[in-house]
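Quick note: to get our numbering, add 841 to the position in the sequence shown (first position is 1).
All C-beta atoms, glycine included, are put in the ideal place defined by N, C-alpha and C.
Here is the structure we will look at, set down as structure tokens.
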Amino acid sequence: MPMKNATRAAIFLLLIVVGSVAASAQQTLQLDTAASEIHFTLSDVLHTVRGTFKVTEGSLLLGRNAGEMKGNIVVGAATGESGNSSRDHRMTESELMVKKYPSIVFQPEHFTGALAASGKSSIIVSGVFTLLGTAHPITVPMQVEATGNRYTATGTFAVPYVAWGMKDPSTFMLRVGKEVQIEIKLVATLKP
């Protein structure tokens, strides 16, 4: 009888240890919105428009299984700045319709590649990009650098904004590209 109790106790301890290891494999990254940056580039026949948007909130949950990633990266649609106030007003009010859609959101769903605990990594993040209330699947190649508990991820991707329902700002005299290039820099801290 004492042997059965010892065996049960050993199994119970093993389950606690395995459960603790599995729980510790799940990690939360909190975005540093002040250090994170979103840049956009839109070309037309005469010149190139460059600007920024601000990340307003975000966190990521890295799952227990390899490649699991959930969370939200929220960008304030009204924060778009290109250095021209009338263009910015038209972009945010008429094209992004910020009163109806105040946020642009990326929700990662998973990633491929190995994410190193320190140093540099290359991963590909897949998820859903919501613009004007409509979700679009995207894949973004990312370069990640981990230093201590701080992660910096950079990547670029194209948004076919006209195909995704935004107004084409082209006029009779001015022809604008149909895609906007997005460059992101996300800085996050690993939470215990």
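Is the Cβ-Cβ distance between residue i and residue j less than 9 angstroms?
i       : j      : result
Ala1029 : Leu902 : no
Gly968  : Met910 : yes
Val939  : Ala919 : yes
Arg891  : Gln867 : no
Tyr992  : Val985 : yes
Can we count residue i as close to the ligand ATP, meaning its CB is less than 8 angstroms from some heavy atom?
i      : result
Phe952 : The ligand content of the structure shown is nil, which means the ligand ATP is not present either.
Excluding the 5 residues flanking residue i on each side, which residues of the same chain have their C-beta closer than 6 angstroms to its C-beta?
i       : result
Glu1020 : Ala999 and Pro1001
Val981  : Val966, Gly996 and Phe998
Met983  : Ile964, Val966, Ala994 and Gly996
Glu936  : Met1007 and Lys1008
Excluding the five sequence neighbours on either side, which residues of its own chain have a C-beta within less than 8 angstroms of the C-beta of residue i, listed in chain order?
i       : result
Val949  : According to the sequence shown, residue 949 is Pro rather than Val. Only Leu901, Met910, Lys911, Gly912, Ile914, Val966, Ser967 and Gly968 meet the Cβ criterion.
Arg1016 : Asp885 and Val886
Thr1039 : The displayed coordinates of the chain run from 842 to 1033. Any statement about residue 1039 would go beyond what the structure contains.
Gly974  : Lys941 and Tyr942
Report the partner residues of residue i according to the DSSP bridge assignment.
i       : result
Asn913  : Ser900
Tyr992  : Ala987 and Ala1029
Thr893  : His880 and Glu922
Asp873  : Asp873 is not bridged to any residue.
Val1021 : Val1000
Between the Cα of residue i and the Cα atoms of the options, which residue gives the shortest distance?
i       : options                            : result
Lys895  : Arg991, Phe881 and Ile979          : Phe881
Asp908  : Glu1024, Gln871 and Thr953         : It is worth fixing the name first, because residue 908 is Gly in this sequence and not Asp. Measuring from the Cα of Gly908, the nearest candidate turns out to be Thr953.
Tyr942  : Leu1031, Leu870, Gly924 and Gly917 : Gly917
Phe947  : His977, Ser927 and Ala1004         : His977
Gln1022 : Ala875, Ile879, Leu870 and Gln871  : Ile879
Once you ignore the five residues that flank residue i on each side, which residues in its own chain have a CB closer than 7 angstroms to its CB?
i       : result
Ile979  : Gly968, Phe970 and Phe998
Gly1018 : Leu883, Ser884 and Asp885
Complete beta strand (DSSP E) runs within the segment 911 to 988 (minimum length 3 residues, chain order): 944 to 953, 960 to 972 and 975 to 988
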